[in-house]
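Undergrad: For the sequence shown, the working numbering gives the first residue as 20, with consecutive numbering after it.
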Amino acid sequence: MTLEFITATGKLEEQDAECIVASAFEGKLSPDAERIDRLLNGEISAAMKRKEFEGKSGSLMVLRTLGKLKARKIIILGLGKEKDYSKQIAESAAATAFQAVKNDCESIAFKVSHSDLPAVVGTAIVCSYDFQEWKTVERKEQKLRKVSFVFQTQDEAKKAATAIGQARIVANAQNYCRELNNSNPATATPAFIAEQAQKLDGGKIRVEVWGMEQLKKKGYNAIVSVGKGSINEPKLILMEYKGGKPGDKPYAIVGKGVCFDTGGLDLKPGKYMNFMQYDKSGACAVIATIKAIKELELPVNVVAIAPMVENMPSGGSYKPGDFIKTASGKTIEITNTDAEGRVILSDALYHATTLKPKGIIDLATLTGACVVALGTHAAGLMTNNAQFAEKVKSAAHESGERVWELPMWREYEDLVKSDIADVHNADESPDAGAIEGGWFLRSFVPDEIPWVHLDIAGTANVEHPTSTFRAGATGWGVKLLTEFFKKQAGK
């Protein structure tokens with residue numbers, strides 16, 4: 020189902036829509052809400068005086084107009100304290116509005132600022148996504164079809180049309196990422212994900228896929244070691260987008276792609292194995308980002324690298340105590356087969372470094388420790404280059420996908436040192452687990468190449484529906500990465 024977005028001019032209350040949406044901060048109606056309040060004989064302000072509606076963040080009030088306005092329904096969204104207003108609040112409020120009307124009204128009208136417009140458009144599209152492949156009883160399709168954004172002048176409306184088009188591309192890519200990630204783990208094997216990536220080949224995108232024999236021949240033994248326990252052989256997906264000048268160094272984005280993670284021979288307890296199909300979230304995000312930046316026609320060169328495996332127990336699985344010589348020549352002592360993501364990323368990051376990129380950003384559902392530290396509202400950020408990290412943070416702020424930096428002090432490097440090999444893949448200590456994972460990855464990236472690691476273990480999926488997402492994948496990272504490349508392209 021495709022939403023129609025249109026721009027309009029005039030007063031919000033004069034729009035030809037079934038529902039119009041205005042807003043209020045705590046104790047303060049917006050100018051639009053004040054005018055609507057007068058047309059409704061003070062019903063909104065009276066409700067605020069009675070504290071039935073106070074404008075708190077996440078709240079809403081729904082009113083029937085009873086023929087006093089063109090619209091049959093009014094929604095007043097609470098935005099909380101004015102000083103605390105943020106892009107996340109804008110997205111959350113928009114999601115609340117869309118969920119309230121999407122099965123009741125065919126059309127809705129908003130007045131939003133240009134800075135909030137991409138967030139509201141994206142939220143509308145993301146809220147409309149519904150993974151229905153495995154429902155034998157077809158869900159009722161949402162009624163909402165048209166979303167209008169109201170501006171004061173025609174010039175503002177024309178400017179908004181461009182922003183709406185770009186936001187639609189990014190949100191559709193985010194939903195593409197979710198669809199890829201939500202696929203049935205019985206069939207969403209490394210080969211399946213590789214096939215989906217290959218469908219994007221053409222134009223400025225070139226896709227190459229390495230299989231088991233090529234990985235062995237190239238010495239990518241870390242990917243081979245983790246993947247050899249499954250009947251579904253590992254793949255390495257290499258996607259190249261050439262939108263920039265010929266000869267310009269690319270950026271590299273690397274995504275962890277564990278199609279299903281049982282823990283291997285260090286088998287996960289049952290309850291911790293649920294949702295492990297989302298251990299490929301990083302890979303899905305980098306594939307979807309290539310799709311987005313191609314459609315946006317950004318003048319940058321980008322390479323996406325996605326190592327794809329299943330971490331399964333079998334007679335052929337890699338074992339605790341194994342030693343692996345990686346593609347970089349560095350060696351890994353395997354101390355826990357359930358720390359497999361960092362192992363496959365060691366080869367993928369090495370491959371990225373051979374391209375001599377301007378910088379590397381990796382996304383990985385790497386550690387439960389990051390979820391303990393940051394919960395589900397932010398990804399952990401680790402880096403070897405403060406200046407590069409600031410660029411990623413800026414993109415995170417603009418996109419609304421939040422990150423929080425964790426320290427990478429040299430003292431933490433001891434967490435990954437092995438007495439026998441160059442590094443081990445898991446430390447017995449429960450301390451600083453997210454940073455330990457980051458330091459492991461950092462050991463495969465030379466200091467002269469700017470690198471940022473994003474641990475997305477807490478943000479990649481939701482177990483239960485939220486105002487924005489149905490249960491399942493969130494597509495986290497697509498907005499951030501696309502915004503990063505827009506900024507690098509000067510867009």
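For each residue, glycine too, the CB sits at the ideal point set by N, CA and C. On a predicted model such as this, the values are computed, not experimentally measured, just so you know.
Measure the C-alpha to C-alpha separation of proline 426 and glutamate 432 and round it to an integer number of angstroms.
TA: Proline 426 and glutamate 432: Cα-Cα distance of roughly 11 Å.
Undergrad: Quick one: what's got a C-beta closer than 6 Å to isoleucine 454's C-beta in the same chain, skipping five residues either side?
TA: For isoleucine 454, where only same-chain residues beyond five positions count, the Cβ hits under 6 Å are Leu425, Tyr431.
Undergrad: Does the segment 180 to 188 touch the segment 297 to 309, meaning 3 or more C-beta pairs lie closer than 8 Å?
TA: Counting Cβ pairs under 8 Å, fewer than three are found: no touch.
Undergrad: Put aspartate 433 into one of helix, strand or coil per three-state DSSP.
TA: Helix at aspartate 433.
Undergrad: So, using beta-carbon positions, are isoleucine 256 and glycine 276 closer together than 9 Å?
TA: In contact: isoleucine 256 and glycine 276 (Cβ atoms closer than 9 Å).
Undergrad: With a threshold of 8 Å, are at least 3 pairs of Cβ atoms found where one atom belongs to the segment 354 to 369 and the other to the segment 457 to 466?
TA: As far as the Cβ criterion goes, the segment 354 to 369 touches the segment 457 to 466, which means the pair count is three or higher.
Undergrad: Could you please give the first and the last residue of the uninterrupted beta strand (DSSP E) stretch that includes asparagine 320?
TA: Where asparagine 320 is concerned, the enclosing beta strand (DSSP E) stretches over 320 to 330.
Undergrad: Ignore the nearest five residues each way along the sequence and tell me which others in tyrosine 239's own chain have a CB closer than 6 Å to its CB.
TA: Cβ within range, chain order: Ala346, Asp366.
Undergrad: Hey, would you say isoleucine 351 sits closer than 9 Å to alanine 241, going by beta carbons?
TA: The answer is yes: Cβ separation under 9 Å.
Undergrad: State the Cα-Cα distance for the pair serine 126 and arginine 164, rounded to the nearest angstrom.
TA: Approximately 6 Å between the Cα atoms of the pair.
Undergrad: With a Cβ-Cβ cutoff of 9 Å, do alanine 302 and proline 326 count as a contact?
TA: Closer than 9 Å, so yes.
Undergrad: Go ahead and pull the three-state DSSP assignment for aspartate 536.
TA: Outside the displayed span of the chain (20 to 510) sits residue 536, for which this structure offers no information.
Undergrad: Determine the DSSP secondary structure at histidine 416, reduced to helix, strand or coil.
TA: Here histidine 416 sits in helix by DSSP.
Undergrad: How long is the line joining the alpha carbons of histidine 133 and alanine 179, rounded to whole angstroms?
TA: In a straight line, the C-alpha of histidine 133 is about 7 Å away from that of alanine 179.
Undergrad: By the DSSP assignment, the beta strand (DSSP E) with phenylalanine 44 in it spans what residues?
TA: Taken as a continuous stretch (DSSP letters only), the beta strand (DSSP E) holding phenylalanine 44 covers 38 to 44.
Undergrad: With 16 as the cutoff for other CB atoms within 10 Å, does tryptophan 458 come out buried or exposed?
TA: Looking at its Cβ environment, which holds 16 or more other Cβ atoms inside 10 Å, tryptophan 458 is buried.
Undergrad: Under 9 Å between the Cβ atoms of isoleucine 379 and leucine 473?
TA: Their beta carbons are not under 9 Å apart, which means isoleucine 379 does not touch leucine 473 by this criterion.
Undergrad: How many angstroms separate the CA atom of leucine 48 from the CA atom of valine 322?
TA: Those two C-alpha atoms are separated by around 48 Å.
Undergrad: According to the neighbour-count rule (16 or more other Cβ atoms, all chains shown, within 10 Å of its Cβ), is glutamine 193 buried or exposed?
TA: Glutamine 193 comes out buried.
Undergrad: Below 9 Å between beta carbons: does that hold for leucine 400 and serine 336?
TA: In this structure, serine 336 does not lie closer than 9 Å to leucine 400 by Cβ.
Undergrad: Using the rule of at least 16 other Cβ atoms within 10 Å of the residue's Cβ for burial, across every protein chain shown, is alanine 383 buried or exposed?
TA: By the 10 Å Cβ count, alanine 383 comes out buried.
Undergrad: Which residue wins for smallest C-alpha separation from glutamate 110, given the options Val362, Lys506, Ala143?
TA: Of the listed residues, the one whose Cα sits closest to glutamate 110 is Ala143.
Undergrad: Which residues does DSSP pair with tyrosine 270 in a beta bridge?
TA: Tyrosine 270 is bridged to Val321.
Undergrad: Go through its chain and collect everything with a Cβ distance to lysine 177's Cβ below 8 Å, but skip five positions before and after it.
TA: Counting only Cβ-Cβ distances below 8 Å, and skipping sequence neighbours, we find Thr26.
Undergrad: Taking the DSSP output, what are the residues bridged to aspartate 280?
TA: Answer by DSSP bridge pairing, in chain order: Asn330.
Undergrad: Taking 7 Å as the limit between beta carbons, can you name the residues of its chain near phenylalanine 407, skipping five residues before and five after?
TA: Gly378, Pro469, Val471.
Undergrad: Give me the DSSP bridge partner(s) of asparagine 344.
TA: A small fix is needed here, since residue 344 is lysine in this sequence, not asparagine. Thr350.
Undergrad: Quick check: methionine 231 and glutamate 214, are their CB atoms within less than 9 Å of each other?
TA: Not in contact: methionine 231 and glutamate 214 (Cβ atoms no closer than 9 Å).
Undergrad: Measuring straight from C-alpha to C-alpha, what distance separates proline 318 and phenylalanine 503?
TA: Each residue's alpha carbon lies about 13 Å from the other.
Undergrad: How far does the beta strand (DSSP E) with methionine 258 in it extend, from its first residue to its last?
TA: Start and end: 254 to 261.
Undergrad: Would the segment 479 to 496 count as touching the segment 386 to 393 if we require 3 or more Cβ pairs under 8 Å?
TA: In short, these stretches do not touch, since the Cβ pair count stays below three.
Undergrad: How about glutamate 45 and glutamate 101: are their beta carbons less than 9 Å apart?
TA: Going by C-beta atoms, glutamate 45 is nearer than 9 Å to glutamate 101.
Undergrad: Among Glu316, Met331, Ala271, which residue has its Cα nearest to the Cα of leucine 286?
TA: Here the closest residue by C-alpha is Met331.
Undergrad: Which residues bound the beta strand (DSSP E) around tryptophan 229?
TA: Run containing tryptophan 229: 224 to 229, per the beta strand (DSSP E) assignment.
Undergrad: Here's a check: name, in chain order, each residue in its chain whose Cβ is nearer than 7 Å to the Cβ of tyrosine 104, leaving out the five neighbours to either side.
TA: Once the five neighbours on either side are set aside, the close Cβ partners of tyrosine 104 are Leu98.
Undergrad: With a cut-off of 8 Å on the beta carbons, I'd call leucine 219 and valine 226 a contact; round off their distance for me.
TA: Between valine 226 and leucine 219 the Cβ distance is about 6 Å, and since that is below 8 Å, they are a contact.
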